[in-house]
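Participant: Submitted below is the structure of interest, expressed as structure tokens.
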Amino acid sequence: MGTRSTLREPPLVKALLMAAAFAYIALMLLLPLWAVMSEAFRAGAKAWAAAVSEPDARAAIKLTLLVAAIAVPLNTIFGVAAAWAISKFQFGGKAVLIAFIELPFSVSPVVSGLVWVLLFGAQGWFGTWLIDRDIQIIFALPGLVLATVFVTFPFVARQLIPLMTAQGRADEEAALTLGASGWQTFWHVTLPNIRFGLLYGVLLCNARAMGEFGAVSVVSGHIRGETNTMPLHVEVLYNEYNFVAAFAVASLLTLLALVTLALKSALEWRYRAALAART
Amino acid sequence: MPSVIPRSSRHSPLPGFGLSLGVTIFWLSAIVLIPLSAVFLKSTTDGWDAFWAAAGSPRALASYRLTFGAALLAAAVNCVFGLLVAWVLVRYSFPFKRLFGALVDLPFALPTAVAGIALTALYADTGMIGKVLAPLGLPVAYKPAGVVVALVFIGLPFIVRTVEPVLAEVSSEMEEAALTLGASRWQTFWRVILPTILPALATGFALAFARGAGEYGSVIFIAGNMPFQSEIAPLLIITQLEEYDYAGAAAIATVMLAVSFAMLLVLNLLQHWQRRRRS
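Structure representation (structure tokens):
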């Protein structure tokens, strides 16, 4: 009993440490959240509603949803394929392959956008070829999708590779022995095993896809109502000193972040074992 | 762990190796490897002299100093406060602890542009925090200090999330032993706990630094963006692009990528260190 209590800090130290941690979180995290919400509603609920429903804002919301609706499934398919190959088979160079998959996380978002301009911009490698065929990638939807796919590339794969590696392949082998086909095994055995991990990866992938700023900023061209996603629309409004509208749209993105955090935490609390494959 | 994975056999009974690895390698090449190689190739299209003129121009050098300096400083600040937050999360119990823990991930989930305008609203001379700091002669917004504030916000979860699990594993036996041998609580922290979590702390530091060095969205609103003073390297890339200086933009991007790759190497070494420490 005695050692137990000496293992803890004196009550005063403990209280001070906790107070400092709470103060830091309040100052660094809660205050910015409060700032977004209070600025968004500074001119009242009506101004907020007008700002998020005017045509350019609606176009930005639609574009954001569209880009995420294309980019997230692409990276989900990739993530499942990569995790299947890496976790269920033995081959050389796995460590390098995983390092390459995680590479986009260490690249600046601006560079993630720049690569597409260098390839498909007017003076890029394929610039003249595309202009001759009247195909627009940069300053258009395909560029936004490519930039988003780049920055969200590792999310699903990174979640699934350790999970599926830990699960091994005994379940799949059993299903195959019992006469299931490859696809049947995947749909009825593998997918149920990884569903929470997959959901977790998709959730984070989607949050990043909808909130991405730097990479899409480079390829967007900032054409109002056409190539502005929500974060870019926030920037345009902010630079026009239309702060109430900027924060109003920003409050929607904040809501997205809070919903993502809530779902993510719920998954972590309820399915911790299924996420880490410690079943 | 190894017992979970069946004996290594290249000829796994599972189907889909060719398909899944093919999809993986195709998507990885098309989205990440080929586009990134475009940056290196483009940066030297006008020869090495032009590369050094762009990547080593006084304006570029000033932007690296700010970018990497602010990222280092912010990561250092977060090492102290991130450790504090992790400590409180692991060691103490208090009401709403789960909520507190979930909140730590807010910078991961909140779109960077939203963070940028929220921090600017708080730290501008008229903002809640700026109002207090400005009369003290400590202006933050539109100054290099603003860059550090933004990067501190962005980097917090990296330190907390890498330190947390390791701190939870520090065995109470070890601490008890230190106390039995006559060490004070403070000595136990410095001589026993800190060395144990040092690799994790260093990993978190490196992750926060890498993220901060590439960060764009949260920084540009609060930075002021004056060349030679408060202009970060990612912004300079965008400026070069807007002037259609693709090679110049690619040259600066190459420097940023080189730093990213160096950080990846450092992180891999740190992971080896951590693994050795644990076993």
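Respectively, the protein sequence lines represent chains P and E. Just so you know, we're using the working numbering here: the first sequence kicks off at 482 and counts up by one. Just so you know, we're using the working numbering here: the second sequence kicks off at 290 and counts up by one. Every residue gets a Cβ at the ideal spot worked out from N, C-alpha and C, and that includes glycine.
Are L411(E) and L512(P) close, meaning C-beta to C-beta below 8 angstroms?
Facilitator: By 1-based counting over the second sequence, the position of residue 411(E) is 122. By 1-based counting over the first sequence, the position of residue 512(P) is 31. In this structure, L512(P) lies closer than 8 angstroms to L411(E) by Cβ.
Participant: Note the first and the last residue of the continuous alpha helix (DSSP H) segment covering V670(P).
Facilitator: Start at 1 with the first residue of the first sequence, and residue 670(P) comes out as number 189. No alpha helix (DSSP H) holds V670(P); DSSP gives it neither H nor E.
Participant: Look at the alpha carbon of L559(E) and the alpha carbon of T741(P), and state the distance between them as a whole number of angstroms.
Facilitator: The residue you call residue 559(E) lines up with position 270 of the second sequence. The residue you call residue 741(P) lines up with position 260 of the first sequence. Distance between the alpha carbons of L559(E) and T741(P): 30 angstroms.
Participant: In whole angstroms, what is the alpha-carbon distance linking R480(E) and A491(E)?
Facilitator: Indexing the second sequence from 1 puts residue 480(E) at position 191. Indexing the second sequence from 1 puts residue 491(E) at position 202. Here the alpha carbons of A491(E) and R480(E) stand approximately 17 angstroms from one another.
Participant: In this structure, does DSSP put W606(P) in helix, strand or coil?
Facilitator: On the first sequence, residue 606(P) is found 125 positions in, with the first residue counted as 1. DSSP places W606(P) in coil when its eight states are reduced to three.
Participant: Let me check you understand the geometry: is the CB of R354(E) closer than 7 angstroms to at least one non-hydrogen atom of the ligand NAD?
Facilitator: Of the ligands one can find in the structure shown there are none, so the ligand NAD has no counterpart to examine.
Participant: Relative to the C-alpha of A497(E), which residue among D537(P), N674(P), E535(P) and V588(P) is closest?
Facilitator: What you label residue 497(E) is simply residue 208 of the second sequence in a count that begins at 1. Taking only the C-alpha atoms, the option nearest A497(E) is V588(P).
Participant: Run through DSSP, which three-state label would G682(P) get?
Facilitator: Working through the first sequence from its first residue, we reach residue 682(P) at position 201. DSSP places G682(P) in helix when its eight states are reduced to three.
Participant: Going by beta-carbon coordinates alone, are I509(E) and G358(E) separated by less than 8 angstroms?
Facilitator: To locate residue 509(E), count along the second sequence from 1; it is residue 220. To locate residue 358(E), count along the second sequence from 1; it is residue 69. Contact: no.
Participant: Is A391(E) closer than 8 angstroms to A516(P) when the C-beta atoms are compared?
Facilitator: Mapped onto the first sequence, residue 516(P) falls at position 35. Mapped onto the second sequence, residue 391(E) falls at position 102. No, Cβ-Cβ distance for A516(P) and A391(E) is not below 8 angstroms.
Participant: Quick one, which of L470(E), F550(E), L556(E) and Y535(E) has its alpha-carbon nearest L600(P)'s?
Facilitator: Mapped onto the first sequence, residue 600(P) falls at position 119. The shortest C-alpha separation from L600(P) is found at Y535(E).
Participant: For the alpha helix (DSSP H) holding G501(E), just list the boundary residues, first then last.
Facilitator: Taking the first residue of the second sequence as 1, we reach residue 501(E) at position 212. From DSSP, the alpha helix (DSSP H) with G501(E) extends over L483 to G503.
Participant: Can you grab the Cα-Cα spacing for the pair A423(E) / M463(E), in whole Å?
Facilitator: By one-based count along the second sequence, residue 423(E) stands at place 134. By one-based count along the second sequence, residue 463(E) stands at place 174. Each residue's Cα considered, the two are about 47 angstroms apart.
Participant: From W341(E), V544(E) and P428(E), pick the residue whose C-alpha is nearest to that of T356(E); which is it?
Facilitator: Here the question's residue 356(E) lines up with position 67 in the second sequence. Looking at the Cα atoms, V544(E) is the closest of the given residues.
Participant: Determine which residues of the stretch 398-424 of chain E have a Cβ less than 9 angstroms from any Cβ of chain P, and write them out in chain order.
Facilitator: A398, L399, P400, T401, A402, V403, A404, G405, I406, A407, L408, T409, A410, L411, G416, M417 and I418
Participant: Could you give the first and the last residue of the continuous alpha helix (DSSP H) run that contains Y412(E)?
Facilitator: Counting from 1 along the second sequence, the entry for residue 412(E) is found at position 123. Looking at the DSSP string, the run of the alpha helix (DSSP H) that includes Y412(E) is T401 to Y412.
Participant: State buried or exposed for H669(P), treating a residue as buried only when at least 16 other CB atoms are found within 10 Å of its CB.
Facilitator: The count along the first sequence starts at 1 and reaches residue 669(P) at position 188. Under this definition H669(P) is an exposed residue.
Participant: Closer than 8 angstroms by C-beta to T409(E): which residues in its own chain qualify, once you throw out the five before and the five after it? Chain order, please.
Facilitator: For the purposes of this step, residue 409(E) is identified with residue 120 of the second sequence, where counting begins at 1. For T409(E), where only same-chain residues beyond five positions count, the Cβ hits under 8 angstroms are G416, A430, G435, F510 and I511.
Participant: Are there 16 or more other CB atoms within 10 angstroms of the CB of A507(P), so buried, or fewer, so exposed?
Facilitator: Locating residue 507(P) in the first sequence gives position 26, where the first residue counts as 1. The residue is exposed, with fewer than 16 neighbouring Cβ atoms inside 10 Å.
Participant: Kindly confirm or deny that the stretch 601-608 of chain P and the stretch 616-633 of chain P touch, where touching means at least three C-beta pairs closer than 8 angstroms.
Facilitator: yes
Participant: Determine the DSSP secondary structure at N709(P), reduced to helix, strand or coil.
Facilitator: Locating residue 709(P) in the first sequence gives position 228, counting from the first residue. Under the three-state reduction of DSSP output, N709(P) falls in the coil class, being neither helix nor strand.
Participant: Do you know offhand how far A538(P)'s Cα is from L395(E)'s?
Facilitator: Locating residue 538(P) in the first sequence gives position 57, counting from the first residue. Locating residue 395(E) in the second sequence gives position 106, counting from the first residue. Those two C-alpha atoms are separated by around 24 angstroms.
Participant: When burial is assigned at 16 or more other CB atoms within 10 Å of the CB, is I675(P) buried or exposed?
Facilitator: Working through the first sequence from its first residue, we reach residue 675(P) at position 194. Buried, since its Cβ has 16 or more Cβ neighbours within 10 Å.
Participant: Could you tell me which whole alpha helix (DSSP H) segments of length 4 or greater appear in the stretch 569-606 of chain P?
Facilitator: 575-583 and 590-601
Participant: Can you look up A319(E) in the DSSP assignment and give me helix, strand or coil?
Facilitator: By one-based count along the second sequence, residue 319(E) stands at place 30. Helix, per DSSP.
Participant: Are the CB atoms of T334(E) and G506(E) nearer to each other than 8 angstroms?
Facilitator: Counting from 1 along the second sequence, the entry for residue 334(E) is found at position 45. Counting from 1 along the second sequence, the entry for residue 506(E) is found at position 217. Contact: no.
Participant: Give a yes or no on whether 8 angstroms exceeds the smallest Cβ distance from L487(E) to chain P.
Facilitator: Walking along the second sequence from the start, residue 487(E) turns up at place 198. Not closer than 8 angstroms to any Cβ of chain P, the Cβ of L487(E) fails to qualify, so no.
Participant: In chain E, which residues lie less than 9 angstroms from M499(P) when you measure between Cβ atoms?
Facilitator: Sequence index remark: in the first sequence, residue 499(P) carries index 18 (1-based). What M499(P) touches in chain E: V377, Y381 and F383.
Participant: Under a three-way DSSP split, which group does L559(E) fall into?
Facilitator: Residue mapping note: residue 559(E) aligns to position 270 of the second sequence, counting from 1. In this structure, L559(E) counts as helix in the three-state DSSP scheme.
Participant: Between the stretch 320-335 of chain E and the stretch 624-636 of chain P, do at least 3 Cβ pairs fall closer than 8 angstroms?
Facilitator: yes
Participant: Using C-beta distances below 8 angstroms, list every residue in its chain close to L737(P), excluding the 5 sequence neighbours before and after it, in chain order.
Facilitator: As a position in the first sequence, residue 737(P) is number 256, starting the count at 1. Counting only Cβ-Cβ distances below 8 angstroms, and skipping sequence neighbours, we find A688, M691 and G692.
Participant: Does I448(E) have its Cβ less than 8 angstroms from a Cβ in chain P?
Facilitator: Within the second sequence, residue 448(E) is the residue found at index 159, counting from 1. With 8 angstroms as the cut-off, I448(E) does not count as an interface residue toward chain P.
Participant: Classify A754(P): buried if its beta carbon has 16 or more other beta carbons within 10 angstroms, exposed otherwise.
Facilitator: Residue mapping note: residue 754(P) aligns to position 273 of the first sequence, counting from 1. A754(P) comes out exposed.
Participant: From Y484(E) to A526(P), what does the alpha carbon distance come to, in whole angstroms?
Facilitator: Your numbering for residue 484(E) matches position 195 in the second sequence. Your numbering for residue 526(P) matches position 45 in the first sequence. Checking the displayed sequence, the identity of residue 484(E) turns out to be Pro instead of Tyr. Distance between the alpha carbons of P484(E) and A526(P): 53 angstroms.
Participant: For P304(E), which residues in chain P fall below 7 angstroms Cβ to Cβ?
Facilitator: Translated into positions along the second sequence, residue 304(E) becomes position 15. What P304(E) touches in chain P: G663.
Participant: How big is the Cα-Cα spacing for A580(P) and A489(E)?
Facilitator: As a first step, residue 580(P) is located in the first sequence; it is residue number 99 there, counting from the start. As a first step, residue 489(E) is located in the second sequence; it is residue number 200 there, counting from the start. Going from the Cα of A580(P) to the Cα of A489(E) covers about 19 angstroms.
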